[in-house]
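Listed in order, the protein sequences are those of chains A and B. Using the numbering used here, the final residue of the first sequence is 137, and nothing's skipped along the way. Using the numbering used here, the final residue of the second sequence is 1127, and nothing's skipped along the way.
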Amino acid sequence: MKFLYKKPKISEVEAPILPIQIFDDTRTHSYPNQATTDALVDTGYDGFIMIPIKIFDALNLISSELPQDQVSMAETIVGEHLELRTALGYVEIPKLKISLSLEIDTYSNCVEILLGRQFLEYLVITLDGQQKELIIE
Amino acid sequence: MSIIIRDVNKEVYAKFKAKAAEYGLKIGEALTKAMESWININNTLTDEAIVRRKNLAAYRSVIRDLEKSYPQKWGLISNGDLQCIKDTHEEIVEEIKSRNLIGKPCYIFQIGRKIIKRTFGMGSRIK
């Protein structure tokens, strides 16, 4: 299945995007409520999924958080340390009928949904930069 | 006064020490200022944040015993107490539902979970 590149929220350059839906651990809350939201494929991030704190709160992920001592320390490429919060939940890609139980990270200043490398390990993905398409086998 | 502090993060301490030197402060002086700032920040905690702190304190008080007695099992903490230990994550989710804990601060954890550092190659999305 092919997904066309789109412009992310804070970049002018079109990028690989996947339409996803996020659920809390009990599957009583979802974001968005219906349909899907765009998530940027980011191979520079090695977690599963990073979401803005507003979505983290809306999903009631406070009820399925990992203890702070079990949350990974995060570091940027320039050596900056970030204080993450991590909870357990689900991500679905409805078009592919894929549902994954995984760790959902958030950070106070995060503004974009990112799909990291541990998420991508579940899939076989081809990035066709010439056609601006993300292809999943 | 002189004190000994254990379990300080090595990298954070190195940065703190360098920053203190940059400002011409002794470690004790810089630490006093940092502690004052931390106290001020934490004077404005929400009820939710207070419960999360209680949950963390509960986790820290039980985790070493749990690692010996229940390795690989799953735990649930809420209201500042260990609620239950179960074999699977799914059983913990059922406990959250049956105890009406959805929307309330809880900690879910697998005992002995390995923690891997996260890294970000693109700081631009993390303003």
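For each residue, glycine too, the CB sits at the ideal point set by N, CA and C.
Under the Cβ criterion of 7 Å, phenylalanine 1109 of chain B is counted among the residues facing chain A.
Leaving aside the five residues that flank serine 108 of chain A on each side, the residues in its chain whose CB is nearer than 6 Å to its CB run, in chain order, Ile53. Using a Cβ-Cβ cut-off of 7 Å, leucine 88 of chain A counts as an interface residue toward chain B, since at least one Cβ of chain B sits closer than that to its own. Residue contact with chain A for proline 1105 of chain B: present (Cβ-Cβ distance below 7 Å to some residue of chain A). Membership of aspartate 38 of chain A in the beta strand (DSSP E) is indicated by the continuous run 37-41. For lysine 1117 of chain B, the neighbours in chain A by C-beta distance under 9 Å run, in chain order, Asp46, Ser72, Met73, Ala74, Glu75.
One finds nothing in chain B with a Cβ atom closer than 7 Å to the Cβ of aspartate 128 of chain A; even the nearest lies about 21 Å away. Using a CB distance cut-off of 7 Å, asparagine 60 of chain A counts as an interface residue toward chain B.
Leaving aside the five residues that flank glutamate 1095 of chain B on each side, the residues in its chain whose CB is nearer than 6 Å to its CB run, in chain order, Leu1076, Cys1084. Closest in C-alpha terms to threonine 37 of chain A, from the list A:Ile20, A:Leu115, A:Ser30, A:Asp128, comes A:Ile20.
Non-local beta-carbon contacts of aspartate 128 of chain A in its own chain, meaning distances under 7 Å to residues more than five positions away in sequence, involve Ile135 in chain order. Contact between asparagine 1055 of chain B and proline 1105 of chain B holds: CB atoms are separated by about 6 Å, below the 8 Å threshold. Interface flag for serine 63 of chain A against chain B is set, since a Cβ pair is found closer than 7 Å. DSSP lists A:Ala15 as the bridge partner or partners of lysine 6 of chain A.
With fewer than 16 other Cβ atoms inside 10 Å of its own Cβ, asparagine 1100 of chain B counts as exposed. Interface annotation, leucine 1056 of chain B: in contact with chain A, CB-CB separation under 7 Å.
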